[in-house]
Amino acid sequence: MRLTRRIAAALSALAALPTLALAAVIGGAYYAPQYDYREFWAATDNKPFQVVLAGNPFPGVDPAMVARDLLPMMQRAKPRPALTFTYDRPSPPPSPDYRLVLVFDAANNLNADPVCAGEPVRFRANRPGVFYVYAIYCRNDRMLSYTTARTDASGPTDPRIEQLFRELFLVVFKEGSSRWAELDDRFL
């Protein structure tokens, strides 16, 4: 009986290896007190949602090509609202102005609110073969949520990047998080 369990455990571990090889490492997440998933849904459902790229995760590749290759991966990995990711800034800018800022190889001491406020972004040295992104969900000049993620990647079309986006979006746009979540139903 013990041998059977050990064999089953070993087979399960082997079956999980391909998944682990593609898995991204997601850092800790922070949600501002005013973060509300329902607000994200209302702002993005059936609408374009701006993504701002800062830095270049693949310095040897033209940033325009990196941006071109990342957009369809983000779209395939998008969260549940029927949103359309775009790099285009709406004209006139919406109010409130919601957007996702992706900072590649961000400096370790880079804070989210200054990024949302449009202050210059600081970077650290790129590590070849590693795709590292600091994702910040902004409303106007304030951060609503943020997290970091990394995975090994050989270039902007590496399928591990799409998997990273699938995992990342579930964290930065966390469902069920609401500023009203702690209130008793009788107060709503």
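In this text, residue positions in the sequence shown follow the numbering used here: the first is -15, and each later residue adds one.
Where a beta carbon is used, it is the ideal one built from N, C-alpha and C, also for glycine.
Note that this is a predicted model, so its numbers are computed, not measured.
| query | Where does residue 34 sit, in a helix, a strand or coil, going by DSSP? | reply | It is a strand residue.
| task | Using a threshold of 8 Å, state whether the C-beta atoms of residue 86 and residue 38 are closer than that. | result | Against a cut-off of 8 Å, the Cβ pair of residue 38 and residue 86 comes out as a contact.
| said: Which complete alpha helix (DSSP H) runs does the stretch 55 to 102 hold, if anything under 4 residues is left out? | reply: With a minimum length of 4 residues, the unbroken runs of alpha helix (DSSP H) contained wholly in the stretch 55 to 102 fall at 96 to 100.
| request: For residue 101, I'd like the list of residues in its chain whose CB is within less than 6 Å of its CB, leaving aside the five on either flank, ordered along the chain. | output: For residue 101, same chain residues with a beta-carbon under 6 Å away, outside a window of 5 residues either side, are 125 in chain order.
| message | If contact is defined by three or more beta carbon pairs under 8 Å, each pair taking one atom from either stretch, is the stretch 89 to 101 in contact with the stretch 141 to 159? | response | Judged by Cβ distances under 8 Å, the stretch 141 to 159 makes no contact with the stretch 89 to 101, as fewer than three pairs qualify.
| Looking at C-alpha atoms only, which residue of 121, 74 and 8 is the closest neighbour of residue 25? | It is 121 whose Cα lies nearest to the Cα of residue 25.
| task | Leaving out five residues on either side along the sequence, give the residues of the same chain with a beta carbon under 6 Å from the beta carbon of residue 28. | result | Only 65 and 67 meet the Cβ criterion.
| query | What residues match up with residue 133 in a beta bridge as DSSP calls it? | reply | DSSP lists 10 and 117 as partners of residue 133.
| message | Judging by CA-CA distance, which residue of 159, 150 and 91 is the nearest neighbour of residue 9? | response | Out of 159, 150 and 91, 150 has the C-alpha closest to the C-alpha of residue 9.
| With C-beta atoms as the reference, is residue 130 less than 8 Å away from residue 156? | Contact: yes.
| said: By the three-class DSSP mapping on this structure, what secondary structure does residue 153 have? | reply: The answer is helix: DSSP assigns residue 153 an H, G or I state.
| Neighbourhood of residue 47 by C-beta, 6 Å cutoff - its chain only, sequence neighbours within 5 removed | Around residue 47, the same chain offers 40 as residues with beta carbons nearer than 6 Å, after the five sequence neighbours per side are excluded.
| message | Please state the DSSP three-state secondary structure of residue 24. | response | Correct three-state label for residue 24: helix.
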